[in-house]
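Novice: In this note's numbering, the protein residues as written are 301 to 1130.
Yeah, the Cβ is synthetic: ideal placement off N, Cα and C, and Gly gets one too.
All figures in this text were calculated on a predicted structure; none of them were measured in a lab.
What follows is a single structure, and I will ask about it in a moment.
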Amino acid sequence: MSLFESTNTLFAELLLPVPIPKLFTYRVPQDYNDYIKIGQRAIVPFGERKVVTGVITHLHSNPPKDYEAKYILELLDEERVVSDIQFRFFQWIADYYCCTPGEVLNAALPAGLKLSSESMVQLHPGFDWNESNFEFTQKEEILLKRLAQEPLTYTDISKMLGIKQVHGILKSLTKKEAIIVFEEIKDKYKPKTERRIRLSEAYVNNKQLEGLFELLGNKPKQEEVLLRYLQEVPILQDKTLNKQGISRATLLQTDLSESSLSTLIKNNILEEFEIHISRFDSTTTNEKQEIVLSEEQLQAEQSILTAFEKQSTVLLHGITGSGKTEIYINLVQKALADGSQVLLLLPEIALTTQIVQRLKKVFGGVMGIYHSRFTDNERVEVWKNILNGTFKFVVGVRSSIFLPFENLGLVIIDEEHDSSYKQHEPAPRYHARDSAIYLAQLHHAKVLLGSATPGIETYFQTEQNKYALVRLDKRYAEAQLPTIIISNLQEEQQRKTNKGEFSGLLIRKMEEALAAKEQVIIFQNRRGYSPSISCEDCHWIPKCVNCAVSLTYHQYRHALICHYCGYKESMPDQCPTCTSKRIKTIGYGTEKLEEELNLHFPDSTVQRMDLDTTRSKSSYENIIEQFEKGETNILVGTQMLTKGLDFDNVSLVGIFNADRMLHFPDFRSYERAFQLITQVSGRAGRRKKTGEVIIQTSQAEHPVLNYILNHDYLGFYRAELNERHQHIYPPYSRLIELTVKHIDKKICRQASSELAESIRGTITDIQVLGPGEPMISKIRNQYLMSILVKVARGNQQLAQIKKSIQSEIDRLNKVKEFRAVRFIIDVDPI
DNA sequence: AGCACGCCGACT
DNA sequence: GTCGGCGTGCTC
């Protein structure tokens, strides 16, 4: 029974996936009174003609005073799909990361659960070109001819006609009764179906069947189909089998006549029906994989469990190759046995790799995967399978923290330090690790953070006794940590032992490894051929027209490409300013490395793995598979190489250029360099042999390299912490980065100055740096200014400070000249 | 964020 | 003159 009298008029508050900081009130059609629940989705009209999907947050019977509420058009769910815990979680994210709950909802719901309409334009049904009394402009004519073929969206039209504002022409054509605009609902989730065949009920007994065959005696093709059916589905032995039937595809696999099948269906001898099937491989290969833990692993696991008795969050600091995965598996099994749900977070690209296949083998059908390469339909299915209890364990990326868990018992965040856990664009700019820790609190769940190179802030929490710490210092299966060798390029250049940008040492080591039939990984964190090009005579450097960056040369496309906005122009064969033909490339990207390695090692196969070679869906897996099989000898790549890959035969890892990582002007650059280099190094040498890592640098004495050399995380941590303390950076402060965006440089600067000024004037106990020009001061024709707010550790006013910043922004945004300025708040930026 | 409306410059 | 640009306000 409903809480409300069913004759009462109900109103529903809806959270809509739009960046407007309020709920919207809709009227509930009376038919729904007994049926409507908080947490269900509803389709509602929004604006003039749009419809959107929202989630019901409250029900009441107070009509709004200031306006007439519109009716809910349709309820989409029988049961709630968003839980109270999720609502609280969304609100927390919105508050903490300074965005609206609507933006959180937008990120949380997979597109397939969020159907909304898009305006489509089609020809007026009564419109006849020849009979129309109106004159048409040239553009109108082009559009009408195109519309005669198919309806178009506004964006289609604006692209087709090359105009930004589509409105005028549509209005004119509407008036001339040539077109109409209608709404098409997009992205509706469609269950995957399978067409199946079974015998009509009337024939499911031996006698009837016999008669049937007599009947078909002179129709051998149909007889054949029927016989095949009986063979595949032995209903003579078990009549109940007929209900399931057989999939149409399977039945027709052996070239049976399709038309005979149709005839049999038409004559009601066979019948066709549809069932909903899963998009996921349901092979529950629960091969009861026995996971054998080493002594150290067992101990670590025990320590984690003991720590969980007192503390809810534990950091597992396990060196690369120490076998953290096996411990995870054991812990997941235990949590599942307790009847809880488990979430395992992995960095984006680690998800396509071996670790997932391994987990799938152990957990089979109760494990769901949530991944950005999944289609909308697949994501909806994961969502539903969690709601209906099929999936009790989810392995997923950042956004899987939004899935509808009901009783999480354990959250594991692998590679806890990984920066892909922080969403940068668009809002909500959340950190999945930190948000997951809060989510776990809501569920009273435990959190295990795992990393070989924990983030400074995370490790600090263990020293503050906020998190417990468990160490795993030994590599699994007797493997040794790799030997790290610093190769001083400057020195080699003086002695002329280098070969171009490769040190003689690296080349020699590579020759040795390849001769021994071992594999080599070369790491360079820069894609493309060369980061820029330049004219040797006049020093001209091509720049992006939309952004303040130089263009990266991509050889395979023979083009200059902007890595920030995607702008592309073709590679000039002469300098556009001085017509010189002497154009040189500056710096090394993975593409150029690949080319040079091919020259140096003509007998080896070189493969490149970066954003450009892994764009298509399976290319990533292909590259890895080829390397695993040993078909590739040398793998060149960006930081993609650092995540979750295990290769047995890699004996050498080369870091092509460590300098750039160390010199990045950012307080986290040392931390990042340490993590990156340590992680890539971990790819070298497993099992039998000690691997080697060669780091090419011109700063052989750099302290960070020294810590890496000695596998000294703790030493590095102490030094870095000291550094952070000196300059009051995290963990000694919390940062809030404000970015000011506008097409006009002057207005952008003015707005940022005023914002910084007003924050300084109104908020006490904080430090405001800037405004200053960020490293890239223009992106997509928007000028950028940046302000950094530092809030000292332990400041209890954090929430209030964020509110004050927000209200200063709101105030500035109301000032006429700053109306169009965009202010972006990034809490805990990375 | 979209989307509609309304005001204004630079072209036929 | 009108077409297409852009600023402004609103969404239950």
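Rounded to whole angstroms, what's the CA-CA distance from Leu952 to Glu1020? Just pull it up for me.
Specialist: Approximately 28 Å, taken between the alpha carbons.
Novice: Roughly how many whole angstroms lie between the Cα atoms of His717 and Ser969?
Specialist: Those two C-alpha atoms are separated by around 13 Å.
Novice: Can the beta-carbon of Ile955 be found less than 8 Å from the beta-carbon of Ile994?
Specialist: Result yes, Cβ atoms of Ile955 and Ile994 sit closer than 8 Å.
Novice: Does the distance from the CB of Arg498 to the CB of Asn542 come in under 8 Å?
Specialist: Yes, they are a contact pair.
Novice: Could you check what DSSP says for Phe324 in three-state terms: helix, strand or coil?
Specialist: If DSSP states are grouped into helix, strand and coil, Phe324 belongs with the strands.
Novice: Could you name the residues that DSSP lists as bridge partners for Thr783?
Specialist: Its beta-bridge partners are Glu992.
Novice: Roughly how many whole angstroms lie between the Cα atoms of Phe608 and Leu644?
Specialist: One C-alpha to the other measures close to 17 Å.
Novice: What number of angstroms, rounded off, separates the C-alpha of Gly1094 from the C-alpha of Lys337?
Specialist: Near 41 Å, if we compare the C-alpha coordinates of Lys337 and Gly1094.
Novice: Quick one: residues in its chain with C-beta nearer than 6 Å to the C-beta of His1025, no 5 flanking neighbours on either side, listed in chain order?
Specialist: So the qualifying residues of the chain are Tyr1032.
Novice: Taking Ile821 as the reference, give the member of Glu836, Thr942, Val747 with the closest Cα.
Specialist: The candidate whose alpha carbon is nearest that of Ile821 is Thr942.
Novice: What are the boundary residues of the beta strand (DSSP E) that includes Ala859?
Specialist: Here the beta strand (DSSP E) through Ala859 covers 859-861.
Novice: Please classify Thr797 as buried or exposed, where buried requires at least 16 other C-beta atoms within 10 Å of its C-beta.
Specialist: Counting Cβ neighbours within 10 Å, Thr797 comes out exposed, since fewer than 16 surround it.
Novice: Considering Arg495, what are the terminal residues of the beta strand (DSSP E) in which it resides?
Specialist: Residues 492-499.
Novice: Quick one: any contact between the region 517-532 and the region 557-571, if contact means 3 or more CB pairs under 8 Å?
Specialist: Flag = yes, the region 517-532 and the region 557-571 touch.
Novice: Suppose you measure from the CA of Phe964 to the CA of Met1075; what does that come to, to the nearest Å?
Specialist: Those two C-alpha atoms are separated by around 10 Å.
Novice: Please report the distance separating the alpha-carbon of Leu316 from that of Leu749.
Specialist: Spanning the two alpha carbons is a distance of roughly 33 Å.
Novice: Below 8 Å, can you find three or more Cβ-Cβ pairs linking the region 320-339 to the region 363-372?
Specialist: These segments touch.
Novice: Would you give the residue range spanned by the beta strand (DSSP E) that Phe1123 belongs to?
Specialist: 1122-1127 is the span of the beta strand (DSSP E), which, as asked, contains Phe1123.
Novice: In chain order, what residues of the same chain lie with their CB nearer than 7 Å to the CB of Gln926, ignoring the 5 residues before and after it?
Specialist: Counting only Cβ-Cβ distances below 7 Å, and skipping sequence neighbours, we find Gln907, Thr932.
Novice: If Ser500 sits next to Glu571, beta carbons under 8 Å apart, how far is it from one beta carbon to the other, in whole angstroms?
Specialist: The Cβ separation is near 5 Å, so the contact holds.
Novice: So the alpha helix (DSSP H) Phe1118 belongs to, where does it begin and stop?
Specialist: No alpha helix (DSSP H) holds Phe1118; DSSP gives it neither H nor E.
Novice: Which residues bound the beta strand (DSSP E) around Ile713?
Specialist: 708-713 is the extent of the beta strand (DSSP E) around Ile713.
Novice: Pop quiz: Ile1127 and Ile1036 are said to be a contact at Cβ under 8 Å. What is the actual Cβ separation, rounded to whole angstroms?
Specialist: Correcting the residue identity first, residue 1127 is Val in this sequence and not Ile. Contact flag correct, Cβ pair sits at about 5 Å.
Novice: State the DSSP-derived secondary structure class of Ala312, mapped to helix, strand or coil.
Specialist: It is a strand residue.
Novice: Skipping 5 residues on each side, what residues in its chain have a beta carbon closer than 6 Å to that of Glu1108?
Specialist: The residues are Ser1058, Ile1059.
Novice: Mind checking whether Tyr1029 and Phe967 have CB atoms under 8 Å apart?
Specialist: Result yes, Cβ atoms of Tyr1029 and Phe967 sit closer than 8 Å.
Novice: Leaving out five residues on either side along the sequence, give the residues of the same chain with a beta carbon under 8 Å from the beta carbon of Pro704.
Specialist: Closer than 8 Å at Cβ, skipping near neighbours: Val381, Val382, Ser383, Gln386, Trp683, Ile686, Leu687.
Novice: Would you grab the beta carbon distance between Leu772 and Ala600 for me? Rounded to a whole angstrom, and I think it's under 8 Å.
Specialist: Confirmed, about 5 Å.
Novice: For Ile480, tell me which candidate among Leu530, Ala448, Val421 has the shortest Cα-Cα distance.
Specialist: Closest option to Ile480, Cα to Cα, is Val421.
Novice: Compute the Euclidean distance between the alpha carbons of Gly755 and Met940, then round it to the nearest angstrom.
Specialist: Rounded to whole angstroms, Gly755 to Met940 spans 19 Å at the Cα level.
Novice: Determine the contact status of Ser832 and Glu681, defining contact as a CB-CB distance below 8 Å.
Specialist: Not closer than 8 Å, so no.
Novice: Could you give the first and the last residue of the continuous beta strand (DSSP E) run that contains Tyr503?
Specialist: Element bounds for Tyr503: n/a, residue is neither H nor E.
Novice: For a test of the three-state rule: what should DSSP assign to Phe427, helix, strand or coil?
Specialist: Three-state result, Phe427: coil.
Novice: Do Cys835 and Tyr867 come within 8 Å of each other at the CB atom, strictly closer than that value?
Specialist: Taking 8 Å as the Cβ cut-off, Tyr867 and Cys835 do not qualify as a contacting pair.
Novice: Per DSSP, which residues does Glu1037 bridge with? Please list them.
Specialist: The partner list for Glu1037 (beta bridge, DSSP) reads Leu1088, Asp1126.
Novice: Please list the terminal residues of the continuous beta strand (DSSP E) segment that includes His717.
Specialist: Taken as a continuous stretch (DSSP letters only), His717 belongs to no beta strand (DSSP E), as it is neither H nor E.
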